[in-house]
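Taking my numbering, the leading residue of the sequence shown gets 261, the next gets one more, and so forth. Every residue, glycine too, gets a C-beta built ideally from N, C-alpha and C. In this text the structure is predicted, and so the values were computed from the model without any measurement. Each remark here refers to the structure printed beneath this line.
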Amino acid sequence: MSEFQDRNLTCVDCGAQFVFTAGEQQFFRDKNFKNEPKRCKACKTKRQAAGAPFAKVETSALCDQCGRQTTVPFRPTQGRPVYCRECFQGRKVPAAATAAAH
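Structural data, given as structure tokens:
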């Protein structure tokens with residue numbers, strides 16, 4: 261017997277019932293998704309076509325180069341540096357300068 265069974269959910273946009281299949285539940289678990297789907301396929305497609313953005317993450321962090329407080333549009337991961345806008349822009353090396361150096 262499968263660990264998952266098809267379940268009926270209610271769309272938050274149109275109120276229609278839709279099936280959250282056992283296979284989809286397995287996929288969600290495998291990807292470590294914490295939330296169930298909120299919208300039926302039609303409303304999800306309509307929302308994506310309208311260009312609705314995904315929830316943006318804004319995280320406060322300290323710049324690894326200058327030490328200033330900054331906000332970045334992602335969740336920093338351990339072992340990867342975080343830069344403020346100015347330090348990040350300063351790290352970009354024009355491709356022509358790199359090619360000329362070689």
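Quiz item: Helix, strand or coil: how does DSSP classify THR305 here?
Solution: Indexing the sequence shown from 1 puts residue 305 at position 45. Here THR305 sits in helix by DSSP.
Quiz item: With respect to the alpha helix (DSSP H) encompassing GLN286, which residues constitute its N-terminal and C-terminal limits?
Solution: For the purposes of this step, residue 286 is taken as residue 26 along the sequence shown, with counting starting at 1. Note, GLN286: alpha helix (DSSP H), 282-290.
Self-check item: Contacts around ARG335, its chain only, beta-carbon distance under 7 Å, and the 5 residues preceding and following it disregarded
Solution: Indexing the sequence shown from 1 puts residue 335 at position 75. So the list reads VAL317 and THR319, once near-sequence residues are dropped.
Self-check item: Of the residues PHE288, ASP324 and CYS303, the one placed nearest ARG345, counting alpha carbons only
Solution: On the sequence shown, position 85 is the one that residue 345 refers to. Among PHE288, ASP324 and CYS303, the Cα nearest to that of ARG345 belongs to ASP324.
Quiz item: With ALA276 and PHE264 assumed to form a contact (beta carbons below 8 Å), what rounded beta-carbon distance in angstroms separates them?
Solution: Taking the sequence shown and counting its residues from 1, the one referred to as residue 276 is at position 16. Taking the sequence shown and counting its residues from 1, the one referred to as residue 264 is at position 4. Wrong, their Cβ atoms sit about 22 Å apart, outside the cutoff.
Self-check item: First and last residue of the uninterrupted beta strand (DSSP E) at GLN329
Solution: The sequence position of residue 329 within the sequence shown is 69, counting from 1. Residues 329-332.
Quiz item: Does the stretch 266-274 come close enough to the stretch 291-300 that 3 or more CB-CB pairs lie under 8 Å?
Solution: yes
Quiz prompt | Nearest-angstrom beta carbon gap, CYS303 and CYS326 [assumed within contact, 8 Å] | solution = By 1-based counting over the sequence shown, the position of residue 326 is 66. By 1-based counting over the sequence shown, the position of residue 303 is 43. Actually they are not in contact, since the Cβ atoms of CYS326 and CYS303 sit about 45 Å apart, beyond 8 Å.
Quiz item: DSSP beta-bridge partners for ARG267?
Solution: Position 7 of the sequence shown holds residue 267. The partner list for ARG267 (beta bridge, DSSP) reads PHE280.
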